[in-house]
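Numbering (the numbering used here), first residue to last: 296 to 613. Written below as structure tokens is the structure these notes are about.
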């Protein structure tokens, strides 16, 4: 029996999101705690799972706010390290008219990049049923080595490995390097969550099914989840493909955290139902719950602190 349901490794940062204009007509930004891995953990916490985070923040006011936010939503912070030389990473998020986003990062360097092999809590990873990671902890050599060490520990411990590439092009020296590291992540995962634009970029194929088939042939990933934004989502196993429509919201504000919420709900289903070969009915149930939760978060600003509760999701489903 492992005490932690999910431990995630990666970036923890401040998302400055637009929140109106000042009296002088200047844009006003709200400092929201963010970072995809912790968004996933926050949603899992809402679903009553025990979670922990491994990452690095600066020893500054933003780092203090982030640490407090994690504790507030019930994420274990024993794996959270602080850097007294490099500041906490910041991201400014510009919301487009269609609800999509553009990011400007202040991360050259940022504290999350400084996570080292020595910072990795081996016992914490070994005590987790699922280890979740993304690609942003592989953009630079120091954090790349730390991520690979964590993956090795998770594999030795018998944990399930969950991977979300979460491509952020401005943070890579080149897209060739991004592709190389994302393919490494896929070599080691049991569960892959990938978005429509990421599968097209990675494979060079416009047809999603053909792109997924290419990944399955190369990596033999048991469960692949494809998020399609307003078009819903799909789940793929060796011999099953299931599509589930999105829950359209009249009051959508932005899409920040939607993919992370979706990913967390997939892990929730796996934790509740066990790791196995899911049938078509089970995959539809999995996607429907995840789509509903993701649609709710699009009606809220920020993500980590405002994840939907199980009762809200059930209400939408009903």
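Quick reminder that beta carbons are idealized off the backbone N, C-alpha and C, glycines included. Note that this is a predicted model, so its numbers are computed, not measured.
Check                                                                                                                                                                               : Outcome
Report yes if the CB atom of residue 423 is closer than 9 Å to the CB atom of residue 454, and no otherwise.                                                                        : yes
What's the C-alpha gap between residue 350 and residue 533?                                                                                                                         : 34 Å
Between 416, 327, 410, which lies nearest to residue 436 when the distance is taken from Cα to Cα?                                                                                  : 410
Give the range of the beta strand (DSSP E) segment to which residue 327 is assigned.                                                                                                : 322-329
DSSP three-state call for residue 569: helix, strand or coil?                                                                                                                       : coil
Given a cut-off of 9 Å, decide if residue 510 and residue 328 are closer than it, judged by their beta-carbon atoms.                                                                : no
Is it buried or exposed, residue 583, if we count other Cβ atoms within 10 angstroms and call 16 or more buried?                                                                    : buried
With DSSP as the reference, label residue 589 as helix, strand or coil.                                                                                                             : helix
Around the Cβ of residue 320, are there at least 16 other Cβ atoms within 10 angstroms (buried) or fewer (exposed)?                                                                 : exposed
Whole alpha helix (DSSP H) runs in the region 353-421 with 4 or more residues, listed along the chain?                                                                              : 356-367, 417-421
Can you tell which of 449, 585, 399 has its C-alpha closest to the C-alpha of residue 540?                                                                                          : 585
Output the distance between the C-alpha atoms of residue 316 and residue 588, rounded to the nearest integer angstrom.                                                              : 29 Å
Which term fits residue 612, buried or exposed, when burial requires 16 or more other beta carbons within 10 angstroms of its beta carbon?                                          : exposed
Where in the region 416-454 do unbroken runs of the alpha helix (DSSP H), each at least 4 residues long, occur, reported from the N-terminal end onward?                            : 417-421, 436-452
For residue 336, count neighbouring Cβ atoms within 10 angstroms of its own Cβ and tell me buried if that reaches 16, exposed if not.                                               : buried
Can you check which of these residues, 465, 469, 477, is closest to residue 457 by C-alpha distance?                                                                                : 477
Give me, in chain order, the residues of the same chain whose beta-carbon lies closer than 7 Å to that of residue 494; leave out the 5 immediate sequence neighbours on both sides. : 503, 506, 507, 521
Am I right that residue 431 and residue 461 are in contact with their C-beta atoms under 8 Å? What's the rounded C-beta distance?                                                   : 6 Å
Give the range of the beta strand (DSSP E) segment to which residue 519 is assigned.                                                                                                : 518-522
If you measure from the CB of residue 444, is any heavy atom of the ligand COA nearer than 8 Å?                                                                                     : Absent from the structure shown: the ligand COA. Ligands present: none.
Can residue 419 and residue 468 be called in contact, C-beta distance under 9 Å?                                                                                                    : no
By alpha-carbon positions, which one of 531, 496, 299 ends up nearest to residue 426?                                                                                               : 299
Is the distance from the Cβ of residue 340 to the Cβ of residue 305 below 9 Å?                                                                                                      : no
Measuring only the C-alpha atoms, how far is residue 380 from residue 433?                                                                                                          : 20 Å
Verify whether the separation of the beta carbon atoms of residue 575 and residue 535 is less than 9 Å.                                                                             : yes
Considering only DSSP beta bridges, list what residue 302 is partnered with.                                                                                                        : 347, 426
Can you check whether the CB of residue 412 is closer than 9 Å to the CB of residue 376?                                                                                            : no
Which two residues bound the contiguous beta strand (DSSP E) that contains residue 498?                                                                                             : Run containing residue 498: none in the beta strand (DSSP E); it sits in the alpha helix (DSSP H), 491-498.
Mind checking who residue 528 pairs with in its DSSP beta bridge?                                                                                                                   : 522, 539
Could you have a look at residue 313 and say whether DSSP puts it in helix, strand or coil?                                                                                         : strand
Would you say residue 496 and residue 466 are within 9 Å of each other, going by their C-beta atoms?                                                                                : no
Roughly how many whole angstroms lie between the Cα atoms of residue 516 and residue 482?                                                                                           : 8 Å
Would a C-beta distance cut-off of 9 Å place residue 325 and residue 313 closer than the cut-off?                                                                                   : yes
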